[in-house]
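See below for the structure under consideration.
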Amino acid sequence: MESLILILYILLVITLVRTLLSILRSSKPSPRLPPGPVPLPVIGSLLKLGGKPHKSLAELAKLYGPIMSLKLGQKTVVVISSPALAREVLQKQDLAFSTRSVPNALHAHGHNKYSVAWLPVSDQWRSLRKALNSNIFSGKRIDASQNLRRQKVQELIEYAGKCCREGVAVDIGNAAFKTSLNLISNTVFSIDMADPTQDSVQQFRHLIWQIMLEVGKPNLVDYFPILDKIDPQGITRRLKSHFGDTIQLIGRLIDDRLELRRLGMTRAESDVIDILLNIIEENGEINRNHIEHLCLVCLLPFPPSTNSTLIKYGTGLYKNQS
Numbered sequence: 001m002e003s004l005i006l007i008l009y010i011l012l013v014i015t016l017v018r019t020l021l022s023i024l025r026s027s028k029p030s031p032r033l034p035p036g037p038v039p040l041p042v043i044g045s046l047l048k049l050g051g052k053p054h055k056s057l058a059e060l061a062k063l064y065g066p067i068m069s070l071k072l073g074q075k076t077v078v079v080i081s082s083p084a085l086a087r088e089v090l091q092k093q094d095l096a097f098s099t100r101s102v103p104n105a106l107h108a109h110g111h112n113k114y115s116v117a118w119l120p121v122s123d124q125w126r127s128l129r130k131a132l133n134s135n136i137f138s139g140k141r142i143d144a145s146q147n148l149r150r151q152k153v154q155e156l157i158e159y160a161g162k163c164c165r166e167g168v169a170v171d172i173g174n175a176a177f178k179t180s181l182n183l184i185s186n187t188v189f190s191i192d193m194a195d196p197t198q199d200s201v202q203q204f205r206h207l208i209w210q211i212m213l214e215v216g217k218p219n220l221v222d223y224f225p226i227l228d229k230i231d232p233q234g235i236t237r238r239l240k241s242h243f244g245d246t247i248q249l250i251g252r253l254i255d256d257r258l259e260l261r262r263l264g265m266t267r268a269e270s271d272v273i274d275i276l277l278n279i280i281e282e283n284g285e286i287n288r289n290h291i292e293h294l295c296l297v298c299l300l301p302f303p304p305s306t307n308s309t310l311i312k313y314g315t316g317l318y319k320n321q322s
């Protein structure tokens, strides 16, 4: 608690200094922003978001209209909350608004530079998207995995039936996580990553869970970039460690597959790893870093909690104007 108060005091001093500097540079025209609530010193309008930001933003939209500006810490954002404006942003002006604001923690291991989920629109991003659309998310590929999806759903039903017969409560969250993870890991690597009998798989599952927990936490650095070097909550530090361990495990699986390919031991049906390795050999549009970070994204089935977080809103609902 004392450390948090100290941080707030430091932020207050920094904000006052920045305010004085901005007054001295007042001759520079300020950007025209939509209406919005008057921000508090240092924290801006963060408190107005509350525990359920989507509901808070809906209430604020009733006061300030379907397009409004908010000051979240040091960040100025513009919030869109009507179908007409969303269509304008997502369809007609999609190129101008397509680049996401990357959460600070996701810069770990250069994830923002290699992941198709966070890259800005560029030739590299187009190459990755083309590889995904043509070889992984195509209708033919989805149809080919129909039996796999049916098998995993059947395993989920059998698990629920077993719990019923034994009079044990069904852990829906754990069962859904296991089913989703195994479905994705079979599509990518042709293995069950939620198999409790394998130590390496247990480690993989633990790392994926920890990554989702860290990514789902509101991070002060996202709203006060000046704290980047301090990392007061330790989120970036922990996520860097988890990313490193996960990428190392993914690298081992890729090495194993490369060795099998070298020995001429190919699978009857190519999985995602085979497809991506083929692309590297054919045209070199992507490299191993892209594969590792793509696998990292694929193996995050869904957040471990249904609670809304500020980070989710930072990457989806508003455009950063800072």
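Mapping of the sequence shown onto the UniProt record's numbering: position 264 corresponds to residue 264, and the numbering continues sequentially without gaps. In this text, a Cβ means the ideal position worked out from N, Cα and C, and glycines have one as well.
Which complete beta strand (DSSP E) runs does the stretch 49–129 hold, if anything under 3 residues is left out?
Inside the stretch 49–129, DSSP marks whole beta strand (DSSP E) runs of 3 or more residues at positions 67–72, 75–80, from first to last along the chain.
Segment limits, alpha helix (DSSP H) that includes residue 262
Mapped onto the sequence shown, residue 262 falls at position 262. Looking at the DSSP string, the run of the alpha helix (DSSP H) that includes residue 262 is 235–262.
Express the C-alpha separation of residue 139 and residue 242 in angstroms, rounding to a whole number. Counting from one through the sequence shown, the residue named residue 242 turns up at place 242. Counting from one through the sequence shown, the residue named residue 139 turns up at place 139. Taking the straight line joining both Cα atoms gives about 33 Å.
Just to confirm, is the Cβ distance from residue 37 to residue 78 under 8 Å? Against the sequence shown, residue 37 aligns to sequence position 37. Against the sequence shown, residue 78 aligns to sequence position 78. It is not a contact, given that the beta carbons lie outside the stated cut-off.
| query | How many Å lie between residue 117 and residue 168 at the Cα? | reply | As a working mapping, residue 117 is identified with position 117 in the sequence shown. As a working mapping, residue 168 is identified with position 168 in the sequence shown. Residue 117 and residue 168 have their C-alpha atoms spaced approximately 39 Å apart.
Does residue 10 come out as helix, strand or coil in the three-state DSSP assignment? Indexing the sequence shown from 1 puts residue 10 at position 10. Helix at residue 10.
- So, is residue 52 buried or exposed, given that buried needs 16 or more other C-beta atoms within 10 angstroms? For the purposes of this step, residue 52 is taken as the residue at position 52 of the sequence shown. The residue in question, residue 52, is exposed, as its Cβ has fewer than 16 Cβ neighbours within 10 Å.
Can you find at least 3 beta carbon pairs, one from the stretch 172–188 and one from the stretch 216–236, that sit closer than 8 Å? Three or more Cβ pairs closer than 8 Å define a contact, and the stretch 172–188 falls short of that threshold against the stretch 216–236.
query: Are the Cβ atoms of residue 106 and residue 211 separated by less than 8 Å?
result: Locating residue 106 in the sequence shown gives position 106, counting from the first residue. Locating residue 211 in the sequence shown gives position 211, counting from the first residue. No.
Nearest residue (CA-CA) to residue 126, options 295, 285, 85:
The residue given as residue 126 occupies position 126 in the sequence shown. Check the Cα spacing between residue 126 and each of 295, 285, 85: the tightest is with 285.
Worksheet item: Sorted by chain position, which residues of the same chain lie with C-beta nearer than 6 Å to residue 204's C-beta, five sequence neighbours on each side aside?
Response: The sequence position of residue 204 within the sequence shown is 204, counting from 1. Apart from sequence neighbours up to five positions away, the residues of its chain that approach residue 204 with a beta-carbon distance below 6 Å are 193, 249, ordered along the chain.
Same chain, Cβ closer than 6 Å to residue 121, neighbours up to 5 away in sequence not counted: Looking up residue 121 in the sequence shown gives position 121. The residues 98, in chain order, have a CB closer than 6 Å to that of residue 121 in the same chain once the five nearest residues on each side in sequence are set aside.
Could you pull the DSSP bridge partners for residue 44 from this structure? The residue you call residue 44 lines up with position 44 of the sequence shown. DSSP, once it has assigned bridges, lists 40, 72 as partnering residue 44.
_Cβ-based neighbour list, residue 238, same chain, cut-off 6 Å, excluding 5 preceding and 5 following_ = As a first step, residue 238 must be located in the sequence shown, where it is residue number 238. Excluding sequence positions up to five before and after residue 238, its CB lies within less than 6 Å of the CB of 214, all in the same chain and listed in chain order.
Classify residue 222: buried if its beta carbon has 16 or more other beta carbons within 10 angstroms, exposed otherwise. Walking along the sequence shown from the start, residue 222 turns up at place 222. Buried: at least 16 other Cβ atoms inside 10 Å.
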